[in-house]
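Student: If you count by the UniProt record's numbering, then the sequence shown holds residues 1 to 464, one letter each, in order.
By construction, the Cβ of each residue, glycine as well, lies at the ideal position given by its N, Cα and C atoms.
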Amino acid sequence: MRIPTTPFGAGGTFTVLNPATGDRVADVPQADLAETDAAIERAHRAYPAWRAIAPGERARLLRSFAAAVDAHIGELAELEVAGSGHTIGNARWEAGNVRDVLNYYSASPERHFGRQIPVPGGVDITFHEPLGVVGIIVPWNFPMPIAGWGFGPALAAGNTVVLKPAELTPLTAMRLGELALEAGIPEGVFTVIPGKGSVVGDRFVTHPLVRKVCFTGSTDVGKGIMRGCADQVKRLTLELGGKNANIVFDDADLEKAAASAPGAGLDNAGQDCCARSRILVQQSVYDRFLELLQPAVEAFRVKDPAAEDAEMGPLISARQRDSVASALIDADVAFRGQAPDASSGYWLAPTVVMPRGTTDPVWSQELFGPVLAVMPFTDEADAIAKANDTEYGLSGSIFTRDIGRALRVARGVESGNLSVNSHSSVRYWTPFGGFKQSGLGRELGPDAPDSFSEVKNVFISTEN
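1. Would you list the one or two residues that DSSP bridges to residue 459?
2. Span of the beta strand (DSSP E) holding residue 396?
3. Say yes only if the C-beta of residue 415 is nearer than 7 Å to one or more non-hydrogen atoms of the ligand HEM, and no if none qualify.
4. Enumerate in chain order the residues of its own chain whose CB-to-CB distance from residue 205 is below 7 Å, with the five nearest sequence positions on each side excluded.
5. With DSSP collapsed to three states, give me the class of residue 16.
6. Quick one: measure Cβ to Cβ for residue 443 and residue 149, integer angstroms, because I've assumed they're closer than 8 Å.
7. Determine the contact status of residue 222 and residue 238, defining contact as a CB-CB distance below 8 Å.
8. Which one of 373, 347, 367 has the shortest CA to CA distance from residue 357?
9. By how many angstroms is the C-alpha of residue 339 removed from the C-alpha of residue 197?
10. Can you name, in chain order, every residue of its own chain whose Cβ lies under 6 Å from the Cβ of residue 449, other than the five neighbours on each side?
11. Spell out a yes or no on whether the stretch 353-370 and the stretch 383-403 are touching, meaning 3 or more CB-CB pairs, one atom from each, closer than 8 Å.
12. Mind listing, in chain order, the continuous beta strand (DSSP E) runs of no fewer than 3 residues lying wholly within the stretch 281-310?
13. Rounded to whole angstroms, what is the Cα-Cα separation between residue 39 and residue 193?
14. Leaving out five residues on either side along the sequence, give the residues of the same chain with a beta carbon under 6 Å from the beta carbon of residue 81.
15. Helix, strand or coil for residue 36 per DSSP?
16. Using the C-alpha atoms, what's the distance from residue 128 back to residue 454?
17. Got a sec, what are the start and stop residues for the beta strand (DSSP E) residue 212 sits in?
18. Residue 384 bridges to which residues according to DSSP?
19. With contact counted as at least three CB pairs below 8 Å, one residue from each stretch, are the stretch 328-346 and the stretch 161-175 in contact?
20. Using alpha carbons as the reference points, say which of 37, 457, 57, 278 lies closest to residue 186.
21. Cα-Cα, which of 64, 317, 367, 407 is closest to residue 278?
22. Please identify the residue among 46, 201, 96, 54 whose C-alpha is closest to the C-alpha of residue 68.
23. Let's see if you can read the secondary structure: which residues bound the alpha helix (DSSP H) around residue 73?
24. Which residues bound the beta strand (DSSP E) around residue 160?
25. Alpha carbon to alpha carbon, what distance is there between residue 215 and residue 104?
26. Quick check on residue 429: buried or exposed, where buried means 16 or more other Cβ atoms within 10 Å of its Cβ?
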């Protein structure tokens, strides 16, 4: 397995470990403050030419980048399995998602239309103008797709991008940076800068040449970034935490709801802001649902993430595993699934708990691990109230055969992304983002390039 390289390194090195084994994968050089500043300034110098390039040529280069990613799906997936502990099936999908996002937004440069607005005394037209340098800060839980959700529409809108991968999982982002250059993206247009959040990430916030920051990560860190961006009135998109509800009504297909619940909450070892970690089940079918859920959890395949049939791998680090395990010490555990021996790698068995109330930490806090909390509810109003009893509002699911009920509950739940009779959260064709403390702004969908541009209004007088 080839480890991608980086021109940076004055900030020391960080050792990437394989979460499945604890073994060393690579020592990755880190950028220091001076190197970060220099990279931002290169992106600023590259911006005028990238902005001025013909829309069709920018589109062609994005398609070329997508083709380069497609040609290296296997390599990227192998890096993600080794460096992040993702299952091989997920890792292939994630690399393919980067390709698909680039292809989708390659259509934008030739279709990012302004408007002609009827006004008296002249003609009024609007233009979408790119911002300049965009800083993207990527988390460790989904290194590839979240990077692509940022840089795809940002590049399409005519911006240059500096991207900081998470310290724990920098390898695939570094390889994407190499592939961009190989595909013909000009030097300085897309730069991956590995480094500490306190150095590289903070500099994206404070450097005046960075005109927008996109951050995905914890709510606490996001609040700090928001405060920092306020000093310069800097544009900002935040995708933060989630404690999402999976609501199962008594008329639902219980077999389907129970069979799909483990994947909705345990995928990526539960390290997913969209994980349906809270399961609300109508009282009349609560016991039956648990009877169906237990074999589904116990059969969930937690194993070597390189295995083709693996459904869940390890947690990202010993620290993350221990944090989740500590939250379970006093919890009322109903049953557990299986997992490899934790003496080698950062493994934790899927766990189903019975919260003692809505203030129980296993119910109210984002644990970011393979834990499902199940609670009964009485009726629609109770389900909506319990689903909304959280500071978050990112995602969620509703299982019912009653379409009217589905729509009523969907409108009542304070969440940015809901799915009926499924657990789909993110599609690059549709907008994605959270309510309340789950974030600010929207990613993806046909309007994403608008969030990386300013609207300029021009009035032309037709009067003598």
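Tutor: A quick look at the data gives this:
1. 124
2. Run containing residue 396: 395-399, per the beta strand (DSSP E) assignment.
3. Because no ligand of any kind appears in the structure shown, any question about the ligand HEM cannot be addressed here.
4. 213, 225, 228, 229
5. strand
6. That belief holds up - the Cβ atoms of residue 443 and residue 149 are roughly 5 Å apart, short of 8 Å.
7. yes
8. 373
9. 32 Å
10. 108, 112, 153, 156, 157
11. Contact holds: three or more Cβ-Cβ distances are below 8 Å.
12. List check, beta strand (DSSP E) in window: nothing returned.
13. Each residue's Cα considered, the two are about 8 Å apart.
14. 88, 91, 305, 306
15. Helix.
16. Straight-line Cα distance between these residues: approximately 6 Å.
17. 210-216
18. Bridge partners of residue 384: none, in fact.
19. Taking a contact to require three or more Cβ pairs closer than 8 Å, the stretch 328-346 and the stretch 161-175 do not qualify as touching.
20. Checked all of 37, 457, 57, 278; the closest Cα to residue 186 is 57.
21. 367
22. Selected option, being the one with the closest Cα: 96.
23. 73-84
24. 160-164
25. 22 Å
26. exposed
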